[in-house]
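Each remark here refers to the structure printed beneath this line.
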Amino acid sequence: MSDIKSNNDVLNNYQGVWDTKIGFGAKSALLLVDFMKAYTTPNSLLYAPDVVNAVAKTESVLKQARKTGEMVIHTNIRYHSPSFADGGTWVKKAPVMREMVEGNILAEFCPGVIPQTNELVITKQYASAFFGTTLASTLTASGIDTVVIAGCSTSGCVRATAVDAMQHGFRVIVLEDCVGDRHKSPHDANLFDINSKYGDVISSADYLQYIGVVDTVSA
Numbered sequence: 033m034s035d036i037k038s039n040n041d042v043l044n045n046y047q048g049v050w051d052t053k054i055g056f057g058a059k060s061a062l063l064l065v066d067f068m069k070a071y072t073t074p075n076s077l078l079y080a081p082d083v084v085n086a087v088a089k090t091e092s093v094l095k096q097a098r099k100t101g102e103m104v105i106h107t108n109i110r111y112h113s114p115s116f117a118d119g120g121t122w123v124k125k126a127p128v129m130r131e132m133v134e135g136n137i138l139a140e141f142c143p144g145v146i147p148q149t150n151e152l153v154i155t156k157q158y159a160s161a162f163f164g165t166t167l168a169s170t171l172t173a174s175g176i177d178t179v180v181i182a183g184c185s186t187s188g189c190v191r192a193t194a195v196d197a198m199q200h201g202f203r204v205i206v207l208e209d210c211v212g213d214r215h216k217s218p219h220d221a222n223l224f225d226i227n228s229k230y231g232d233v234i235s236s237a238d239y240l241q242y243i244g245v246v247d248t249v250s251a
């Protein structure tokens, strides 16, 4: 009962202030953030079971997005070993990220969401897919005004990417069942914040409906 009351208090507190919906614009792109094996391999320090579920859900969404001609962009993380100088203070704060080097199987893309040869892969060194990359200019040059985000982790690279997408002038849509974290609490809290202040959090079924596909799995 206390959890329900607390949730209601939060919703009431934000209502009318932090609950505006922005919706889709004229043209969207599907951005898959860091779906790498480190997050789906049980013996990895970065392993997050909910990311396994997010990958599985995203696989079917990705197939449909490709069929409809949606622009699809993937991101990964790569550092220069052994110095990791391009990781700056992040690899000092989170040394587990040192696994993201070329040749490490954990830095490979997850099966089912592997980029096709015609799909762009943006390699980054920090949380946001926009920081220090060509993503913003690429989207703008392609006429994209809406960024639809799947990936991991919700509280890390997904949130950072969502915030930066908004700050670069894009509409932000996060697919709630296509993102994951290592624990439900930060996952839920960050989706709440994104939905309140930076973009819209919707289901993959709603996204498929937007691009003209009926989600027969969820129906």
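Residue numbering for the sequence shown is 33 to 251, as defined by my numbering.
Idealized CB from N, CA, C, for every residue including glycine.
No experiment lies behind these values; they were computed from the predicted model shown.
For GLY201 and VAL195, what's the separation of their Cα atoms in angstroms? Here residue 201 corresponds to residue number 169 of the sequence shown, with the count starting at 1. Here residue 195 corresponds to residue number 163 of the sequence shown, with the count starting at 1. Annotation: GLY201 to VAL195 spans about 10 Å, alpha carbon to alpha carbon.
For VAL145, would you say it is in contact with chain C, using Cβ-to-Cβ distances shorter than 9 Å as the test? No chain C is part of this structure, which consists of one protein chain only.
(message) For THR90, report the span of its alpha helix (DSSP H) as first-last.
(response) As a position in the sequence shown, residue 90 is number 58, starting the count at 1. First-last of the alpha helix (DSSP H) with THR90: 81-99.
Roughly how far, in whole angstroms, is the beta-carbon of PRO191 from the beta-carbon of ASN222, given that I think they are within contact range, below 8 Å? Against the sequence shown, residue 191 aligns to sequence position 159. Against the sequence shown, residue 222 aligns to sequence position 190. According to the sequence displayed, residue 191 carries Arg and not Pro. Here ARG191 really is in contact with ASN222; their C-beta atoms are around 5 Å apart, less than 8 Å.
Can you tell me where the beta strand (DSSP E) with MET198 in it begins and where it stops?
Taking the sequence shown and counting its residues from 1, the one referred to as residue 198 is at position 166. Here MET198 belongs to no beta strand (DSSP E); instead the alpha helix (DSSP H) covers 191-199.
Requested in this report: Locate the beta strand (DSSP E) running through SER169, then write down its first and last residues.
Outcome: Sequence index remark: in the sequence shown, residue 169 carries index 137 (1-based). Counting along the chain, SER169 falls outside any beta strand (DSSP E), though it belongs to the alpha helix (DSSP H) covering 167-173.
Environment of TRP50 [buried if 16+ CB atoms lie within 10 Å]: Along the sequence shown, one-based indexing puts residue 50 at 18. That one is exposed.
What residue range is occupied by the uninterrupted beta strand (DSSP E) comprising ASP232? On the sequence shown, residue 232 is found 200 positions in, with the first residue counted as 1. Where ASP232 is concerned, the enclosing beta strand (DSSP E) stretches over 232-234.
query: In the structure shown, what three-state DSSP assignment does HIS112 receive?
result: Mapped onto the sequence shown, residue 112 falls at position 80. Coil at HIS112, not helix or strand.
*asked:* For ASP225, report the span of its beta strand (DSSP E) as first-last.
replied: Taking the first residue of the sequence shown as 1, we reach residue 225 at position 193. From DSSP, ASP225 is part of no beta strand (DSSP E) but of the alpha helix (DSSP H) over 216-225.
Tell me VAL153's beta-bridge partners as DSSP assigns them.
Numbered from 1 along the sequence shown, position 121 holds the residue referred to as residue 153. For VAL153, which the question treats as bridged, DSSP gives the partners HIS106.
* Asked: Under a Cβ-count criterion, where at least 16 other Cβ atoms within 10 Å of its own Cβ denotes burial, should ASN108 be classed as buried or exposed?
  -> Numbered from 1 along the sequence shown, position 76 holds the residue referred to as residue 108. When all chains shown are included, ASN108 counts as buried.
Which two residues bound the contiguous beta strand (DSSP E) that contains VAL180?
Against the sequence shown, residue 180 aligns to sequence position 148. Boundaries of the beta strand (DSSP E) harbouring VAL180: 178-184, taken from the DSSP string.
Q) Bridge partners of PHE204, per DSSP? A) Position 172 of the sequence shown, counted from the start, is the residue given in the question as residue 204. Sequence inspection shows Val at residue 204; the Phe mentioned does not correspond to that position. As DSSP reads the structure, VAL204 sits in a beta bridge with VAL179.
Q.
For ILE54 and MET132, I'd like the C-alpha separation in whole angstroms.
A. Locating residue 54 in the sequence shown gives position 22, where the first residue counts as 1. Locating residue 132 in the sequence shown gives position 100, where the first residue counts as 1. Those two C-alpha atoms are separated by around 35 Å.
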